[in-house]
Structure formats: structure tokens, C-alpha cells
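So in the working numbering, the last spot in the sequence shown is 295, and the numbers never skip. Have a look at the structure below, then the notes.
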Amino acid sequence: MVLDNKENSVKCTCPNCPSYNECMSQKTELLYCAKEKTSCEVKSDGCVCPTCPVYAENDLNRMYYCRTGK
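Shown next, in the form of C-alpha cells:
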């Protein structure tokens with residue numbers, strides 16, 4: 226289980242994801258792997274989850290957490 230905390234938020238690479246959009250930025254949404262999916266519309270433009278430290282440290286194995294949730 227990924228913790229939704231400041232330590233993970235600092236490591237989170239969601240803002241660098243090609244699918245991360247203006248809506249998500251305005252709502253300062255991060256850590257989809259720890260929280261529910263985004264309330265914004267997601268256009269699948271690419272996924273950086275596998276390169277994220279939070280992903281590696283928590284042995285995650287999926288992608289597009291912004292679309293599918295935790």
C-alpha cells in the first residue's frame with residue numbers, strides 16, 4: 226500500500242507525465258497510486274509510472290493510476 230504523505234509527494238513524478246494535464250495541475254493532484262483516480266479527463270499520452278521512485282519503492286506493477294486509481 227502506498228502512503229499518501231509528504232515524503233511520497235516529494236518523490237512523485239506525476240507532474241512530469243505526458244498524460245498529466247492542466248486540470249490535474251490546477252487541482253494539484255498527485256499520488257494516484259495512493260489515492261483515487263483523477264476527477265479530470267485523462268488523455269493517455271504516455272505513462273511515467275515505471276520510472277517513479279514511489280512506484281519502485283512500493284513494488285507497483287500497473288500503469289495509468291491517474292485513470293484507474295489505486
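Ideal Cβ positions, reconstructed from N, Cα and C, are used throughout, including at glycine. Computed from a predicted structure; not experimentally measured.
From what residue to what residue does the alpha helix (DSSP H) around Met226 run?
Where Met226 is concerned, there is no enclosing alpha helix (DSSP H), given that its DSSP letter is neither H nor E.
Quick check: the Cα distance between Thr293 and Glu254, rounded to an integer number of angstroms?
Answer to the nearest angstrom: the Cα atoms are 14 angstroms apart.
With a 10 Å radius around its C-beta and 16 neighbouring C-beta atoms as the bar for buried, classify Thr263 as buried or exposed.
Counting of Cβ neighbours within 10 angstroms places Thr263 among the buried residues, the total reaching 16 or more.
Which same chain residues, not among the five before or five after Asp229, have their C-beta less than 8 angstroms away from its C-beta?
So the qualifying residues of the chain are Leu256, Ala259 and Lys260.
Kindly indicate which residue of Tyr280, Tyr290 and Lys268 has the alpha-carbon position closest to the one of Ser244.
Selected option, being the one with the closest Cα: Lys268.
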